[in-house]
Amino acid sequence: GGRVAAVCLGLLCVLLLTGIIGLSVYYGVIGHHDSTERDQLQASYSLLTKEGDQLQTSYSLLTKERDQLQTSYSLLTKERDQLQTSYSLLTKERNQLQTSSNTLTKERDQQQTSSNTLTKERDQQQTSSNTLTKERDQQQKEKNDLMRKFSNLKQTCPKDWKKFESSWYFLSTETKTRGESKDDCLERGADLVIINSDKEQEFLFHLNKGFWIGLTDTVTEGTWKWVDGNPLTTPKYWGSGQPNGGGVENCVLLTHSSSDQGPWHDYPCSFNRSWICEIVLSHF
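Going from the sequence shown to the working numbering is simple: count from 1 and add 17.
As structure tokens, then:
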């Protein structure tokens, strides 16, 4: 019984020792495993701490860069607004300049049109001037020819005409009313005589014949005018008491009288009398 107990006790001791050894080994292994894991965790923590510090540094840098970018953005926004304002002003100025340019272009075109019109008018006037110059030269040539012919002609007084100083005179051989006498003179290229000087009056007086002269007051009673429309301002040779016919004697005769040097008398224009026509050579 004792031996069994001893054996049992021995077995129990062996089992206990085995258990103790097993536990020792187990705890040894477990302790070693925990130490390795702890070291690994410590290493991981150190790495994470380092990465955290790096991330913090990166975050700080990014924050700084963000702030710088925000500042740059604000500056760029301000510059953009200034550029937009400048652009708007330049656009307005450009539009104003465009309007001014359009106005100036329109004025230039109008002035060009006016210039073209004036140039055309000038050319037309130049053409007209050239035509007139040509006509003037032609007329001058014709005038010179006529003057030359007339100069040759007036050297000899036409038949039935008398020359005195610078005039030719035609003394009629028949009698007519004063109006008919004037018409006859006009048909001859002359008119009733106009007396301008004492010499002419004396010359006519010595023709020894009474005749109508170119003096009348038929337009206005008492206002005597020559056939050329000029009033009577030359020396007057009215006979005594002349003119005396009032409103019925409106024409003038140069009468021949031995006692008075060719006095003028007013007569009714309807009387038939001789007449004298005059052509003034200086008028040619």
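Glycine is no exception: its CB is placed at the ideal position from the N, C-alpha and C atoms.
Contact test: residue i Cβ vs the ligand NAD heavy atom, cutoff 7 Å
i          : result
residue 31 : What this structure holds is no ligand at all, so the ligand NAD is not there to describe.
Three-state class that DSSP yields for residue i in the structure shown
i           : result
residue 10  : Residue 10 lies beyond the range of the chain shown here (18 to 301); nothing can be said about it.
residue 291 : coil
residue 231 : strand
residue 254 : coil
residue 98  : helix
residue 268 : strand
residue 184 : strand
residue 177 : coil
residue 245 : coil
residue 226 : coil
residue 46  : helix
residue 296 : strand
Beta-carbon contacts of residue i that lie in its chain and below 7 Å, excluding the five residues immediately before and after
i           : result
residue 255 : 280, 281
residue 19  : none
C-alpha distance - residue i paired with residue j, whole-angstrom precision
i           : j           : result
residue 220 : residue 189 : 16 Å
residue 148 : residue 120 : 41 Å
residue 126 : residue 139 : 19 Å
residue 210 : residue 186 : 8 Å
residue 232 : residue 244 : 6 Å
residue 250 : residue 285 : 22 Å
residue 44  : residue 84  : 57 Å
residue 260 : residue 283 : 5 Å
residue 323 : residue 90  : Nothing about residue 323 can be read from this structure; the chain reaches only from 18 to 301.
residue 265 : residue 237 : 12 Å
residue 216 : residue 272 : 16 Å
residue 132 : residue 107 : 35 Å
residue 80  : residue 73  : 10 Å
residue 31  : residue 39  : 12 Å
residue 59  : residue 69  : 15 Å
residue 21  : residue 28  : 10 Å
residue 62  : residue 55  : 10 Å
residue 95  : residue 116 : 31 Å
residue 36  : residue 76  : 57 Å
residue 269 : residue 242 : 11 Å
residue 48  : residue 67  : 28 Å
Residue-level contact to chain C via CB, residue i, 8 Å cutoff
i           : result
residue 195 : Of the protein chains in this structure there is only one, and it is not chain C.
Supposed close pair residue i, residue j - CB separation, criterion 8 Å
i           : j           : result
residue 229 : residue 198 : 5 Å
residue 289 : residue 193 : 6 Å
residue 297 : residue 183 : 6 Å
Neighbourhood of residue i by C-beta, 6 Å cutoff - its chain only, sequence neighbours within 5 removed
i           : result
residue 294 : 187, 202, 205, 207
residue 212 : 218
residue 292 : 189, 198, 228, 229
Contacts around residue i, its chain only, beta-carbon distance under 8 Å, and the 5 residues preceding and following it disregarded
i           : result
residue 262 : 283, 284, 285
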